[in-house]
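Number of protein chains: 2
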Amino acid sequence: MRLVIARCSVDYVGRLTAHLPEALRLLIVKADGSVLVHSDGGSYKPLNWMSPPCRLTEEPGKWSVTNKGGETLAITLTEVISDTSVELGIDPGLKKDGVEAHLQELLAVQLDLLGDGWRLVRREYPTPIGPVDIMCRNEAGESVAVEIKRRGEIDGVEQLTRYLELLNRDPLLAPVHGIFAAQEIKPQARTLAADRGIRCVTLNYEAMRGVIPENTLF
Amino acid sequence: MRLVIARCSVDYVGRLTAHLPEALRLLIVKADGSVLVHSDGGSYKPLNWMSPPCRLTEEPGKWSVTNKGGETLAITLTEVISDTSVELGIDPGLKKDGVEAHLQELLAVQLDLLGDGWRLVRREYPTPIGPVDIMCRNEAGESVAVEIKRRGEIDGVEQLTRYLELLNRDPLLAPVHGIFAAQEIKPQARTLAADRGIRCVTLNYEAMRGVIPENTLF
DNA sequence: TTGTTGATTTCGCAA
DNA sequence: TTGCGAAGTCAACAA
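In the order they appear, the protein sequences are chains G and V. Add 13 to the 1-based position in the first sequence for the numbering used here, that's all there is to it. Add 13 to the 1-based position in the second sequence for the numbering used here, that's all there is to it.
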């Protein structure tokens with residue numbers, strides 16, 4: 014990794030055209046050739062950048078970074094404050110927890126949150142237009158398709174609607190009910206779901222995680 | 014801006030839980046207190062970070078970054094290779110070009126691309142569920158709602174469908190036709206649009222930008 | 001390779 | 001301030 018503090022202007026031409034006037038900035042060149050232009054604020058997103066795979070060609074006061082898609086990042090350096098390199102090695106990477114997949118796991122073994130006597134048919138129930146997160150049967154034995162999101166927005170309701178429309182064409186399954194389950198559900202999504210006869214369920218992630226389901230105790 | 018090269022492990026607890034095993038990494042502390050943990054690869058996205066506003070408290074070998082939402086980033090440093098600071102000043106920022114807004118501007122003054130004798134009603138035509146990009150009338154005087162995207166995907170067709178459904182309830186407007194306009198339109202979006210009676214129009218950004226419309230010549 | 005979905009998304013605009 | 005749509009989104013995963 015190479016770190017350069019320099020006064021520079023930057024021009025990007027690719028998926029769009031963008032220009033950065035001259036200013037003091039941090040330039041990062043990673044081992045894979047990717048280049049990041051950072052200012053002293055904003056978020057983790059660089060002001061400008063080139064993603065790998067790409068190639069950096071360098072001449073005095075002028076860097077040119079190109080990828081095979083024809084996008085170019087041209088950096089003009091007028092003053093270099095520092096220019097250092099360090100060998101970091103390969104990073105062991107990140108471990109995450111708490112995503113949508115986890116909500117699905119948890120709900121699949123806690124179907125009583127939806128209703129007493131409900132039975133799981135299967136997770137990731139396949140359809141021609143994508144898998145339904147959870148397919149189950151209610152206490153009356155009727156099919157219920159459950160769509161799970163971390164945040165429930167209008168798109169998720171549309172998605173579930175498409176599943177239900179398709180599934181209800183199958184006389185062996187119909188009637189298929191719908192449940193839209195999420196940690197939080199936006200009012201607009203809730204309204205649309207109500208309009209389509211889809212039940213909304215708010216999931217409490219902390220509470221669900223705290224429960225140890227019976228069938229995994231041993 | 015402060016740049017630290019150090020062997021460290023990182024733990025984030027907040028919207029999710031994540032852990033980084035010990036390795037040599039770049040730590041960036043920006044002027045606003047935000048912290049970025051970068052490895053020597055991947056994309057422009059850090060392995061881990063804390064966005065501003067947040068506060069860094071430091072003791073030997075142990076950094077703790079917290080924000081007011083209660084999220085914490087704990088960094089344990091076992092070996093510091095370098096630790097430098099530099100004053101960058103405020104960045105003048107980025108100028109962009111070529112976005113959806115520009116397509117909308119251009120199409121609004123080049124409605125002849127859609128049909129002869131078409132007239133603009135208004136851009137950002139308001140509805141209860143959001144603004145229609147362009148509302149106009151065709152040569153027969155019928156209403157046409159135009160949805161503009163840079164890349165036309167299925168979501169955009171769904172969005173336009175919702176607008177049309179709503180607008181067609183107004184007897185003063187109905188019948189309202191739909192046009193889905195984009196620089197490129199995915200086959201799936203095209204199929205869905207056809208199914209809903211929505212016309213697809215591919216926009217040539219370069220050509221549209223080259224035209225100087227009559228009413229702005231003087 | 002291509003498409004789809006999620007993201008500690010971030011960012012910008014408008015109500 | 002909040003909410004919503006776009007992003008040079010990126011990145012993981014399935015088909």
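Every residue gets a Cβ at the ideal spot worked out from N, C-alpha and C, and that includes glycine.
Outcome for D96(V) when other beta-carbon atoms lying within 10 angstroms are tallied against a minimum of 16: For the purposes of this step, residue 96(V) is identified with residue 83 of the second sequence, where counting begins at 1. D96(V) should be labelled exposed.
Beta-ladder partner(s) of A194(G), from DSSP: The residue labelled residue 194(G) in the question sits at position 181 within the first sequence. Per DSSP, I161(G) and V214(G).
Contact list for the region 74 to 107 of chain V against chain G, Cβ threshold 9 Å: Residues of the region 74 to 107 of chain V whose Cβ lies closer than 9 Å to any Cβ of chain G, in chain order: I94, S95, T97, V99, E100, L101, G102, I103, D104, P105, G106 and L107.
Buried versus exposed, by CB contacts within 10 Å (16 or more), Y218(G): In the first sequence, residue 218(G) corresponds to position 205, counting from 1. Label assigned to Y218(G): exposed.
Range covered by the alpha helix (DSSP H) that runs through L72(V): The residue labelled residue 72(V) in the question sits at position 59 within the second sequence. According to the sequence as given, residue 72(V) is Glu; it is not Leu. Here E72(V) belongs to no alpha helix (DSSP H); instead the beta strand (DSSP E) covers C67 to E72.
Straight-line Cα distance separating A187(G) from N61(G): For the purposes of this step, residue 61(G) is identified with residue 48 of the first sequence, where counting begins at 1. For the purposes of this step, residue 187(G) is identified with residue 174 of the first sequence, where counting begins at 1. Straight-line Cα distance between these residues: approximately 52 Å.
Below-7 Å beta-carbon distance, A36(V) vs any chain G residue: Mapped onto the second sequence, residue 36(V) falls at position 23. Interface residue, yes.
Contact set for L49(V): own chain, Cβ-Cβ below 6 Å, skip 5 residues either direction: To locate residue 49(V), count along the second sequence from 1; it is residue 36. Cβ within range, chain order: I41, P59 and W62.
Residue-level contact to chain V via CB, I18(G), 7 Å cutoff: Taking the first residue of the first sequence as 1, we reach residue 18(G) at position 5. Output row for I18(G): interface = yes.
Beta-carbon contacts of S98(G) that lie in its chain and below 6 Å, excluding the five residues immediately before and after: As a first step, residue 98(G) is located in the first sequence; it is residue number 85 there, counting from the start. Only R15 meet the Cβ criterion.
Cα-Cα separation between L107(G) and P34(V), rounded to whole angstroms: Counting from one through the first sequence, the residue named residue 107(G) turns up at place 94. Counting from one through the second sequence, the residue named residue 34(V) turns up at place 21. The straight-line gap from Cα to Cα measures roughly 8 Å.
Chain-ordered residues of the region 125 to 140 of chain G with a beta carbon less than 7 Å from chain V: none
Rounded C-alpha distance that separates P226(V) from L127(V): Along the second sequence, one-based indexing puts residue 226(V) at 213. Along the second sequence, one-based indexing puts residue 127(V) at 114. Annotation note: pLDDT 48 at P226(V) (below 50); position unreliable, no value reported.
Sequence-distant residues of its chain with Cβ nearer than 6 Å to H190(V) (five each side left out): What you label residue 190(V) is simply residue 177 of the second sequence in a count that begins at 1. Cβ neighbours of H190(V) beyond the five flanking positions: V157.
Amino acids of chain G, ordered along the chain, whose beta-carbon sits closer than 9 Å to that of N61(V): Taking the second sequence and counting its residues from 1, one reaches residue 61(V) at position 48. Those within 9 Å of N61(V) in chain G are L107.
Cβ distance (whole Å) where L101(G) is taken to contact S52(V) below 8 Å: As a first step, residue 101(G) must be located in the first sequence, where it is residue number 88. As a first step, residue 52(V) must be located in the second sequence, where it is residue number 39. Taking 8 Å as the upper bound for CB-CB distance, L101(G) and S52(V) are in contact here, some 6 Å apart.
Neighbour list for E171(G) in chain V, Cβ cutoff strictly below 7 Å: Taking the first sequence and counting its residues from 1, one reaches residue 171(G) at position 158. Those are E171, listed as they occur along chain V.
Where G74(V) falls, given that 16 or more other Cβ within 10 Å makes a residue buried: Within the second sequence, the letter at position 61 stands for residue 74(V). Exposed is the call here.
Distance CB(V17(V))-CB(T85(V)) smaller than 7 Å: As a position in the second sequence, residue 17(V) is number 4, starting the count at 1. As a position in the second sequence, residue 85(V) is number 72, starting the count at 1. No, the pair does not count as a contact, with Cβ atoms beyond the cut-off.
Cα-Cα separation, F231(V) to A195(V): Here the question's residue 231(V) lines up with position 218 in the second sequence. Here the question's residue 195(V) lines up with position 182 in the second sequence. Confidence in F231(V) is poor, its pLDDT being 42 and thus under 50, which makes the residue's placement too unreliable to answer from.
Span of the beta strand (DSSP E) around L133(V): One-based indexing of the second sequence puts residue 133(V) at position 120. Start and end: R132 to Y138.
First and last residue of the uninterrupted beta strand (DSSP E) at R20(G): Looking up residue 20(G) in the first sequence gives position 7. In this chain, the beta strand (DSSP E) harbouring R20(G) covers R15 to V26.
Assigned secondary structure, E178(G) (DSSP; H/G/I helix, E/B strand, else coil): By 1-based counting over the first sequence, the position of residue 178(G) is 165. Looking at E178(G) - three-state DSSP - the assignment turns out to be helix.
Chain-ordered chain V contacts of K58(G) [CB-CB under 9 Å]: Numbered from its first residue, the first sequence carries residue 58(G) at position 45. Near K58(G) (Cβ distances below 9 Å), the residues of chain V are Y57 and K58.
Proximity below 7 Å, CB of R209(G) to CB of T174(G): For the purposes of this step, residue 209(G) is taken as the residue at position 196 of the first sequence. For the purposes of this step, residue 174(G) is taken as the residue at position 161 of the first sequence. Between R209(G) and T174(G), the C-beta spacing is below 7 Å.
Coil, strand or helix - L186(G) by DSSP: Indexing the first sequence from 1 puts residue 186(G) at position 173. Assignment of L186(G) by DSSP, reduced to helix, strand and coil, places it in the coil class.
Run of the alpha helix (DSSP H) containing P5(V), from where it starts to where it stops: The structure shown does not extend to residue 5(V), since chain V spans only 14 to 231, so no value can be given for it.
Cα-Cα separation between A31(G) and K162(V), rounded to whole angstroms: Counted from its first residue, the first sequence places residue 31(G) at position 18. Counted from its first residue, the second sequence places residue 162(V) at position 149. If I take the Cα positions, the gap works out to 20 Å.
Neighbour flag for D24(V) against chain G, beta carbons, 7 Å: For this step, residue 24(V) is matched to residue 11 along the second sequence. So, not an interface residue.
Closer than 9 Å at the beta carbon, the chain V residues around L33(G): Sequence index remark: in the first sequence, residue 33(G) carries index 20 (1-based). Taking the beta carbon of L33(G) as reference, the chain V residues within 9 Å of it are D104, P105, G106, L107 and K108, listed in sequence order.
Local Cβ density within 10 Å of D146(V), reported as buried at 16 or more and exposed below that: For this step, residue 146(V) is matched to residue 133 along the second sequence. Buried: at least 16 other Cβ atoms inside 10 Å.
Top-ranked residue by Cα proximity to P105(V), from R38(G), G165(G) and R164(G): Here residue 105(V) is taken as the residue at index 92 of the second sequence, counted from 1. Answer by Cα proximity: R38(G).
Within-7 Å CB hit, M148(V) to chain G: Along the second sequence, one-based indexing puts residue 148(V) at 135. So, not an interface residue.
Helix, strand or coil at A36(V) [DSSP, three-state]: The residue you call residue 36(V) lines up with position 23 of the second sequence. A36(V) falls in the strand class under three-state DSSP.
Whole-angstrom distance between V93(G) and R20(V), CA atom to CA atom: Within the second sequence, residue 20(V) is the residue found at index 7, counting from 1. Within the first sequence, residue 93(G) is the residue found at index 80, counting from 1. In a straight line, the C-alpha of R20(V) is about 27 Å away from that of V93(G).
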